[in-house]
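This report refers to the structure that appears directly beneath it.
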Amino acid sequence: MPGLLAAAVSWGLFWGAWSALLPGIKAELSLTDQQLGLSLFAIPVAAVPAMLLTGPLAHRLAQYTLPVVTALFGVSVLLVGLARSQAAFVGALLLLGASSGGVEVGLNATLGAQEARDGRRLFNKVHAATPLAMVVAAPAAGLARYLGASPQAVLTAVAVLVGLSAVLAIDGRGWEEPPPVADRRRRMTGLLLALGAVGAVALLMENSVEQWGAIHLVQQLGAGPLLASFGPAAYMAGLSAGRMLAQWQGARLSDGTLVSVGGAVGGAGLAVGAAAWNVPWAVAGYVVAGCGLAPVVPTLLSAVGRSVEPGRRARTISAVTTVSYAGFLASPPLVGTLAGAVGLSTALAAVALGGVLVAAGGRLLGRLPAGPTGGDV
Numbered sequence: 000m001p002g003l004l005a006a007a008v009s010w011g012l013f014w015g016a017w018s019a020l021l022p023g024i025k026a027e028l029s030l031t032d033q034q035l036g037l038s039l040f041a042i043p044v045a046a047v048p049a050m051l052l053t054g055p056l057a058h059r060l061a062q063y064t065l066p067v068v069t070a071l072f073g074v075s076v077l078l079v080g081l082a083r084s085q086a087a088f089v090g091a092l093l094l095l096g097a098s099s100g101g102v103e104v105g106l107n108a109t110l111g112a113q114e115a116r117d118g119r120r121l122f123n124k125v126h127a128a129t130p131l132a133m134v135v136a137a138p139a140a141g142l143a144r145y146l147g148a149s150p151q152a153v154l155t156a157v158a159v160l161v162g163l164s165a166v167l168a169i170d171g172r173g174w175e176e177p178p179p180v181a182d183r184r185r186r187m188t189g190l191l192l193a194l195g196a197v198g199a200v201a202l203l204m205e206n207s208v209e210q211w212g213a214i215h216l217v218q219q220l221g222a223g224p225l226l227a228s229f230g231p232a233a234y235m236a237g238l239s240a241g242r243m244l245a246q247w248q249g250a251r252l253s254d255g256t257l258v259s260v261g262g263a264v265g266g267a268g269l270a271v272g273a274a275a276w277n278v279p280w281a282v283a284g285y286v287v288a289g290c291g292l293a294p295v296v297p298t299l300l301s302a303v304g305r306s307v308e309p310g311r312r313a314r315t316i317s318a319v320t321t322v323s324y325a326g327f328l329a330s331p332p333l334v335g336t337l338a339g340a341v342g343l344s345t346a347l348a349a350v351a352l353g354g355v356l357v358a359a360g361g362r363l364l365g366r367l368p369a370g371p372t373g374g375d376v
């Protein structure tokens, strides 16, 4: 468990600090807005195939998957800080995207294996650590930059922490993965893809707040930069709190109910944020959205991991994680396109309707083979 938490925290520390470091990196490399945008596109381009490949890799490396991909992630973070040209920057970002996607899948595959091995629910507890780390890292990186630290210095410090987490993630107990059973896989493929689509809708909603929440507060409600930063931060805090609550009290609800309630509450919170007439109401809506959406994807992945044969668990979790990630990738351009057509408030309100789909999709979990419910066992 400490190694899983360390990996989740270090991953969140980097992505929390990343946005605060980008202006300095852009200036150091003398990149235009267009050059920076094209360079950053290397991250998702590398992440998606890496996520698909990490499943089969995890089947072979088992408990060593997470330490390996986390170590590669640490190296990539260091290389990003060392880049001194756009070409080197893009190359480092390709490795960053691939290793980051590998960490996401490797962490989920390891969580699924350890849940099955130890008979405890871990997904919500471990996933709660990432947004909490992001909330801390963003202002910490900003403060470090204000005090004169270079992006390279901050990234080097983060790389060291990631490397330490890779060491902590080493688990000598093993996964005990027997051979897969072929027939059951064919029967479950459609259901697993549908559950991945539910996860995609949830991540689309999540990323809409992360990417557009602050912009909404500035453009629609007249908030200043400092006040606007409370929007995404409040959402992340809600996300972490919601996952800790789901871990603590999740045993009272079935997986399907937890996902359905989370989708409904998350959609309602996002709708309140989109329709708010002042900043406090908008921030309150974002907190509710975070609390509601918090357990959706971790609960989906946990249920999927418990429903398949151990020999296929890593690859199945990899596939569902990758399908879900499509929603995360689609969110910025989708919301941006809608905002250009109907305004940002209306676009966010439209995204909030995804909560209805997530709530309905929770019923699909009842079709999975039964497993233990909820929180700590």
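At position 125 of the sequence shown the residue is numbered 124 (numbering that gives the first Met the number 0), and the sequence of numbers has no breaks.
Idealized CB from N, CA, C, for every residue including glycine.
- Between the segment 104 to 120 and the segment 203 to 214, the count of C-beta pairs closer than 8 Å stays below three; the two stretches do not touch.
- Counting only runs that start and end inside the segment 242 to 279, the alpha helix (DSSP H) elements of at least 4 residues fall at 254 to 274.
- DSSP, read as helix, strand or coil, puts L337 in helix.
- Residue environment: W276 is assigned as exposed (fewer than 16 neighbouring CB atoms within 10 Å of its CB, all protein chains considered).
- Approximately 10 Å separates the beta-carbon atoms of Y234 and A293; this is outside 8 Å, ruling out the contact.
- In the assembly as shown, S317 is a buried residue. Its beta-carbon has 16 or more other beta-carbons within 10 Å.
- When the beta-carbon positions are compared, A199 and A325 come within less than 8 Å of each other.
- Under the three-state reduction of DSSP output, D32 falls in the helix class.
- R120 carries a coil assignment under DSSP once its states are collapsed to helix, strand and coil.
- Exclusion of the five residues before and after S301 leaves F122 as the residues of its chain whose Cβ lies within less than 6 Å of its Cβ.
- Contact between V8 and A156 does not hold, since the beta-carbon distance rounds to 14 Å and is not under 8 Å.
- For A57, the enclosing alpha helix (DSSP H) has its first and last residue at 41 to 60.
- The continuous stretches of alpha helix (DSSP H) do not include G147, and DSSP gives it neither H nor E.
- With a beta-carbon spacing of about 20 Å, A140 and G96 fall beyond the 8 Å limit used to define contacts.
- The alpha-carbon of A213 is positioned some 17 Å away from that of A136.
- Spanning the alpha carbons of S18 and S228 requires a straight line of approximately 12 Å.
- Closest in C-alpha terms to A232, from the list T64, C290, L4, V76, comes C290.
- Short of 7 Å from the beta carbon of A70, and not among the five residues preceding or following it, lie these beta carbons of its own chain, in chain order: G162, A165.
- Here the C-alpha atom of G284 lies approximately 44 Å from the C-alpha atom of R59.
- When the Cα atoms are used, A273 and A349 turn out to be separated by approximately 9 Å.
- It is roughly 30 Å from the alpha-carbon of G265 to the alpha-carbon of A49.
- Counting other Cβ atoms within 10 Å of its Cβ, D170 reaches 16 or more and is therefore classed as buried.
- Going by beta carbons, G262 and V295 fall inside the 8 Å limit.
- If you draw a straight line from the Cα of A158 to the Cα of A143, it comes to about 15 Å.
- At least 8 Å separates the beta-carbon of A86 from that of L12.
- L30 is positioned such that its CB atom lies no closer than 8 Å to that of P150.
- Cβ-Cβ separation between G195 and V322: approximately 3 Å, consistent with a contact (criterion under 8 Å).
- Contact annotation: L299 and V197 have beta-carbon atoms nearer than 8 Å.
- Rounded to the nearest angstrom, the gap between the Cα atoms of A6 and S99 is 11 Å.
- If you draw a straight line from the Cα of L4 to the Cα of F72, it comes to about 16 Å.
- Closest by C-alpha distance to L203, out of T345, A168, L352, R305, is L352.
- Counting along the chain, V79 sits inside the alpha helix (DSSP H) bounded by residues 64 to 81.
- Annotation for A270: A348, A351 place their beta carbon closer than 7 Å to its own, counting only its chain and skipping 5 residues before and after.
- Assigned with DSSP and collapsed to three states, I169 falls in coil, not helix or strand.
- For A348, the uninterrupted alpha helix (DSSP H) run begins and ends at 343 to 351, by DSSP.
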